[in-house]
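Heads up: the structure comes next, in structure tokens.
Number of protein chains: 2
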Amino acid sequence: MHEIKQNTLYLGTLAKGLQVLRAFDETHTELSLSGLAEITGLDKSAVQRLANTLHVEGMLDKDPVTRRYRPSHAWLQLAYAYYWSDPLVARAIPKLIDLSRRLGETVNLAELSGERIIYAARLPCTRTIFAASVPGRTVPALSTSGGQAILATFPAAEREVAIRDWHLHAHTSSTTVDRAEISRQIDDVMRLGYAITYHQMIQSEVGIACAIRGPDGRSRAAVHCSVSSHHWDDARIRAEILPWLMDAANTI
Amino acid sequence: MHEIKQNTLYLGTLAKGLQVLRAFDETHTELSLSGLAEITGLDKSAVQRLANTLHVEGMLDKDPVTRRYRPSHAWLQLAYAYYWSDPLVARAIPKLIDLSRRLGETVNLAELSGERIIYAARLPCTRTIFAASVPGRTVPALSTSGGQAILATFPAAEREVAIRDWHLHAHTSSTTVDRAEISRQIDDVMRLGYAITYHQMIQSEVGIACAIRGPDGRSRAAVHCSVSSHHWDDARIRAEILPWLMDAANTI
DNA sequence: TCTAAGATATCATTATATGACACTTGTGAT
DNA sequence: ATCACAAGTGTCATATAATGATATCTTAGA
């Protein structure tokens with residue numbers, strides 16, 4: 106029955122424990138034993154043992170009355186450890202703080218994580234939806250200015266593979282799902298040195314991003330700014346946001 | 106030999122896997138197998154299996170050349186799931202954004218986690234040390250204005266136990282380690298409705314906090330603001346920061 | 001080039017996780 | 001208030017899956 110990972114270096118119990126942790130997301134903020142069993146597809150008894158162990162070890166809080174499990178503060182402590190381990194975050198944060206004060210708009214550090222962009226650091230400056238104010242959110246790289254800015258620094262072959270194969274999802278009615286169109290957009294990014302996208306993840310949201318280049322010229326992260334199209338027209342974005350954004354990206 | 110937790114509901118393998126995750130912190134940002142074995146106190150072979158499993162499951166990145174492990178982006182995604190699960194964060198963030206714009210200073214959501222305060226949400230507004238700009242950091246509750254503000258809402262008996270027993274650590278030369286003095290400070294907090302501490306975690310840092318009260322009057326979190334004593338004297342703090350801070354805490 | 005320290009691989013042994021089942025507790029409907 | 005069903009908790013024989021000692025391979029430093 107068991108996985109092809111039937112290697113002696115692979116501990117199934119630990120992997121299942123991680124499955125339980127990852128069962129929690131935007132829509133599943135607290136889960137009962139049976140809920141966990143359903144989502145993970147694991148045996149009822151197994152989930153009981155896994156959840157209990159995670160609880161005893163302080164990784165899950167348990168509501169004594171509803172008996173439902175919730176992520177514990179330990180999850181934030183893991184994030185704290187992550188932040189120290191990511192050298193880019195430490196270098197970017199001071200610049201992002203300056204940038205956000207200067208622009209008065211939300212700025213992010215967007216990192217490439219597989220086929221997706223993860224917002225590693227966020228400085229929300231204006232009331233916005235919750236998902237846009239907390240770090241750790243991931244979105245398809247092809248659909249964001251951050252992802253396009255990063256992809257534009259890739260060698261042609263890799264870029265084409267990415268544009269052809271990477272996952273896309275129509276988050277809004279205006280999300281670009283035509284890969285040829287995305288390819289053209291990325292050509293523009295290469296020419297201009299920055300990326301702008303409209304209404305990709307949220308309606309009336311404009312994303313502007315500049316890649317942070319490594320010593321090899323290749324980028325794995327971008328400085329990203331998100332503004333409302335109601336408050337900012339194209340000309341003002343290019344005049345008042347872009348210069349500072351590019352400066353920040355280049356000095357990180 | 107094994108733990109007193111020799112319960113059939115306790116999965117040792119999973120617990121050891123978590124130990125490996127928690128081996129990473131401020132000072133250990135990337136670890137080799139032998140490093141992990143040393144920190145966790147686990148068998149070399151066990152660590153090999155645990156780390157390999159965590160790597161395969163995407164919880165640890167592995168540098169192909171140094172063979173050292175680092176926290177992966179998955180750690181941030183866990184934090185993202187945490188944020189959705191914590192009802193206080195969602196309610197606090199819009200208020201914190203307003204507050205930080207108004208004050209132009211760093212504001213935090215401080216939650217009580219055992220004997221410590223954890224900064225669940227942070228909006229850094231001014232360049233500061235790295236540890237103060239990323240969420241997930243924990244500090245002893247007794248040594249922070251946030252912790253004192255929360256403790257001041259506790260019934261007398263619990264408060265006294267906390268002041269007597271909770272852990273203290275002299276982070277700076279000015280950290281208050283005299284528990285009688287802390288008790289007096291908390292009495293002041295109860296009278297005034299807010300807490301101010303000086304030089305507790307960092308030199309020349311002033312912390313100001315107001316408790317966020319639940320329907321039962323008891324508090325589990327506080328709105329916290331951190332400023333430099335070079336730029337703010339006591340009078341200005343009380344006149345220009347406190348009113349807004351208390352307003353924010355009361356409306357969350 | 002040599003030498004250790006560290007990483008990877010192997011394997012017999014048995015401890016440890018498994019999952020079916022029974023039991024208990026809570027919840028919502030009648 | 002009672003009942004019935006769903007959900008949570010506990011037990012146990014079984015064999016899978018974790019163990020840790022050892023051996024081999026790799027890397028970095030002398």
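Protein sequences appear in the order of chains A and B. Using this note's numbering, read the first sequence as starting at 106 and increasing by one per residue. Using this note's numbering, read the second sequence as starting at 106 and increasing by one per residue. Cβ atoms here follow ideal geometry from the backbone N, Cα and C, with glycine treated the same way.
Practice prompt. Taking only beta-carbon positions, decide if B:Leu119 is within less than 8 Å of chain A.
Written response: The sequence position of residue 119 of chain B within the second sequence is 14, counting from 1. Cβ-Cβ to chain A under 8 Å: yes for B:Leu119.
Item to complete: Would you decide whether A:His107 is buried or exposed? Buried here means 16 or more other CB atoms lie within 10 Å of its CB.
Response: Walking along the first sequence from the start, residue 107 of chain A turns up at place 2. Confidence in A:His107 is poor, its pLDDT being 36 and thus under 50, which makes the residue's placement too unreliable to answer from.
Discussion item. Distance check for B:Met351 and B:Lys110, CA to CA, integer angstroms please.
Written reply: On the second sequence, residue 110 of chain B is found 5 positions in, with the first residue counted as 1. On the second sequence, residue 351 of chain B is found 246 positions in, with the first residue counted as 1. Bear in mind that a pLDDT of 47 at B:Lys110, under 50, signals an unreliable position, so the number given afterwards is only what the model happens to contain. Rounded to the nearest whole angstrom, the C-alpha separation of B:Lys110 and B:Met351 is 45 Å.
Item to complete: Spell out whether any CB of chain A is found under 8 Å from the CB atom of B:Asp321.
Response: For the purposes of this step, residue 321 of chain B is taken as the residue at position 216 of the second sequence. For B:Asp321, the answer is no, since every Cβ of chain A falls outside 8 Å of its Cβ.
Practice prompt. Taking B:Ser288 as part of the alpha helix (DSSP H), name the residues at either end of that continuous run.
Written response: For the purposes of this step, residue 288 of chain B is identified with residue 183 of the second sequence, where counting begins at 1. Element bounds for B:Ser288: Arg284 to Leu297.
Worksheet entry | 6 Å Cβ shell around A:His329 - same chain, five flanking residues per side excluded | Here residue 329 of chain A corresponds to residue number 224 of the first sequence, with the count starting at 1. Counting only Cβ-Cβ distances below 6 Å, and skipping sequence neighbours, we find Asn213, Ala215, Gly251 and Ala314.
Worksheet item: Name the chain A residues that come within less than 9 Å of B:Asp168, Cβ to Cβ?
Response: Reading the second sequence from its first residue, position 63 is the one you call residue 168 of chain B. Those within 9 Å of B:Asp168 in chain A number zero; the least Cβ separation is about 11 Å.
Discussion item. Would A:Lys167 and A:His160 be called neighbours here (beta carbons separated by less than 8 Å)?
Written reply: Within the first sequence, numbered from 1, the residue matching residue 167 of chain A stands at position 62. Within the first sequence, numbered from 1, the residue matching residue 160 of chain A stands at position 55. Between A:Lys167 and A:His160, the gap from beta carbon to beta carbon is short of 8 Å.
Discussion item. Give me the DSSP bridge partner(s) of A:Tyr174.
Written reply: One-based indexing of the first sequence puts residue 174 of chain A at position 69. In the DSSP output, where bridge partners are listed per residue, A:Tyr174 has A:Leu136 and A:Lys167.
Discussion item. List, from N- to C-terminal side, the alpha helix (DSSP H) runs of 4 residues or more that fit wholly inside the stretch 188 to 273 of chain B.
Written reply: You should have 192 to 208, 250 to 256 and 261 to 270.
Worksheet item: Do you know how far the Cα of B:Val125 is from the Cα of B:Thr145?
Response: By 1-based counting over the second sequence, the position of residue 145 of chain B is 40. By 1-based counting over the second sequence, the position of residue 125 of chain B is 20. C-alpha of B:Thr145 to C-alpha of B:Val125: approximately 7 Å in a straight line.
Fill in: Cβ-based burial, A:Glu263 [other Cβ within 10 Å; buried from 16]
Start at 1 with the first residue of the first sequence, and residue 263 of chain A comes out as number 158. Flag for A:Glu263 reads exposed.
Fill in: Cutoff 8 Å: B:Ala225 Cβ touching any chain A Cβ
Reading the second sequence from its first residue, position 120 is the one you call residue 225 of chain B. Yes - at least one Cβ of chain A is within 8 Å of the one on B:Ala225.
Fill in: Cutoff 7 Å; reference A:Thr258; Cβ partners in own chain excluding five residues on either side
The residue you call residue 258 of chain A lines up with position 153 of the first sequence. Ala316, Arg318, Gly322, Arg323 and Ser324, listed in sequence order.
Item to complete: Determine the chain A residues that contact B:Trp103 at a beta-carbon separation under 9 Å, and present them in chain order.
Response: Since the displayed chain B opens at 106 and closes at 357, residue 103 of chain B lies outside it and no answer follows.
Worksheet item: Between B:Asp270 and the rest of its own chain, which residues show a CB-CB distance below 7 Å, the 5 nearest in sequence each way excluded?
Response: Mapped onto the second sequence, residue 270 of chain B falls at position 165. There are no such residues.
Discussion item. Tell me which residues share the same chain as B:Ile346 and place their Cβ nearer than 8 Å to its Cβ, disregarding the 5 neighbours each side in the sequence.
Written reply: One-based indexing of the second sequence puts residue 346 of chain B at position 241. Counting only Cβ-Cβ distances below 8 Å, and skipping sequence neighbours, we find Leu208, Glu210, Ile313, Cys330, Val332 and Trp337.
Discussion item. If we define contact as Cβ-Cβ less than 8 Å, is B:Met306 a contact residue for chain A?
Written reply: For this step, residue 306 of chain B is matched to residue 201 along the second sequence. Output row for B:Met306: interface = no.
Worksheet item: Does the distance from the CB of B:Ala156 to the CB of B:Leu138 come in under 8 Å?
Response: Translated into positions along the second sequence, residue 156 of chain B becomes position 51. Translated into positions along the second sequence, residue 138 of chain B becomes position 33. In this structure, B:Ala156 places its C-beta atom within 8 Å of the C-beta atom of B:Leu138.
Worksheet item: Is it the case that the Cβ atoms of B:Val194 and B:Ala237 are separated by a distance below 8 Å?
Response: Counted from its first residue, the second sequence places residue 194 of chain B at position 89. Counted from its first residue, the second sequence places residue 237 of chain B at position 132. No, they are not a contact pair.
Practice prompt. Would you please state the rounded distance, in angstroms, between the beta carbons of B:Ala184 and A:Trp180? I believe it to be under 8 Å.
Written response: As a first step, residue 184 of chain B must be located in the second sequence, where it is residue number 79. As a first step, residue 180 of chain A must be located in the first sequence, where it is residue number 75. About 6 Å; that satisfies the 8 Å criterion.
Discussion item. Need the endpoints of the beta strand (DSSP E) that B:Ala326 sits in, please.
Written reply: The residue given as residue 326 of chain B occupies position 221 in the second sequence. Residues Ser324 to Ser333.
Item to complete: For B:Asn157, go through chain A and note every residue whose CB falls closer than 9 Å to its CB, in chain order.
Response: Position 52 of the second sequence, counted from the first residue, corresponds to residue 157 of chain B. Ordered by position in chain A, the residues that pass the 9 Å Cβ test against B:Asn157 are Asn112, Leu114, Tyr115 and Leu116.
Worksheet item: Taking DSSP as the reference, what is the three-state secondary structure of B:Ala275?
Response: Position 170 of the second sequence, counting from 1, holds the residue named residue 275 of chain B. Here B:Ala275 carries a coil assignment [DSSP, helix/strand/coil].
Practice prompt. Mind checking which residues open and close the beta strand (DSSP E) that includes B:Gly312?
Written response: Counting from one through the second sequence, the residue named residue 312 of chain B turns up at place 207. For B:Gly312, the uninterrupted beta strand (DSSP E) run begins and ends at Glu310 to Arg318, by DSSP.
Fill in: Proximity to A:Cys230 [Cα-Cα], best of A:Thr243, A:Thr249 and A:Ile202
Numbered from its first residue, the first sequence carries residue 230 of chain A at position 125. For A:Cys230, the closest alpha carbon among the candidates A:Thr243, A:Thr249 and A:Ile202 is that of A:Ile202.
Item to complete: Just the chain B side, please: which residues come within less than 8 Å of A:Trp180 by C-beta, in chain order?
Response: In the first sequence, counting from the first residue as 1, residue 180 of chain A sits at position 75. Within chain B, the residues near A:Trp180 are Leu183, Ala184, Ala186 and Tyr187.
Discussion item. Please state the DSSP three-state secondary structure of B:Thr385.
Written reply: Any question about residue 385 of chain B goes unanswered here, given that chain B covers just 106 to 357.
Practice prompt. Measure from the C-beta of A:Gly122 to each C-beta in chain B and report whether the shortest distance is under 8 Å.
Written response: Sequence index remark: in the first sequence, residue 122 of chain A carries index 17 (1-based). At least one chain B Cβ lies under 8 Å of A:Gly122.
Discussion item. Strictly by DSSP, which residues pair up with B:Ala300?
Written reply: In the second sequence, residue 300 of chain B corresponds to position 195, counting from 1. Answer is B:Ala314, bridged to B:Ala300.
Item to complete: Give the single residue among A:Gln290, A:Pro240, A:Val239 and A:Pro260 whose Cα lies nearest to the Cα of A:Thr249.
Response: As a working note, residue 249 of chain A is residue 144 in the first sequence. Of the candidates A:Gln290, A:Pro240, A:Val239 and A:Pro260, the one whose C-alpha sits nearest the C-alpha of A:Thr249 is A:Gln290.
Worksheet item: What are the boundary residues of the alpha helix (DSSP H) that includes A:Ala156?
Response: Along the first sequence, read from residue 1 onward, the residue named residue 156 of chain A stands at position 51. Taken as a continuous stretch (DSSP letters only), the alpha helix (DSSP H) holding A:Ala156 covers Lys149 to Val161.
Item to complete: Specify, as a first and last residue, the run of the alpha helix (DSSP H) that B:Trp349 falls within.
Response: What you label residue 349 of chain B is simply residue 244 of the second sequence in a count that begins at 1. Under the DSSP assignment, B:Trp349 falls in the alpha helix (DSSP H) whose first and last residues are Leu347 to Thr356.
Worksheet item: Candidates B:Leu297, B:Ala326 and B:Asp283: which alpha carbon is nearest B:Gln305's?
Response: In the second sequence, counting from the first residue as 1, residue 305 of chain B sits at position 200. The shortest CA-to-CA distance from B:Gln305 to any of B:Leu297, B:Ala326 and B:Asp283 is the one to B:Asp283.
Fill in: Nearest to A:Thr356 (by Cα), restricted to the options A:Arg343, A:Val170, A:His335 and A:Ala327
To locate residue 356 of chain A, count along the first sequence from 1; it is residue 251. Comparing Cα positions, the closest option is A:Ala327.
Worksheet item: Beta carbon of A:Trp349, beta carbon of A:Leu204: below 8 Å?
Response: Taking the first sequence and counting its residues from 1, the one referred to as residue 349 of chain A is at position 244. Taking the first sequence and counting its residues from 1, the one referred to as residue 204 of chain A is at position 99. At the C-beta level, A:Trp349 and A:Leu204 come within 8 Å of one another.
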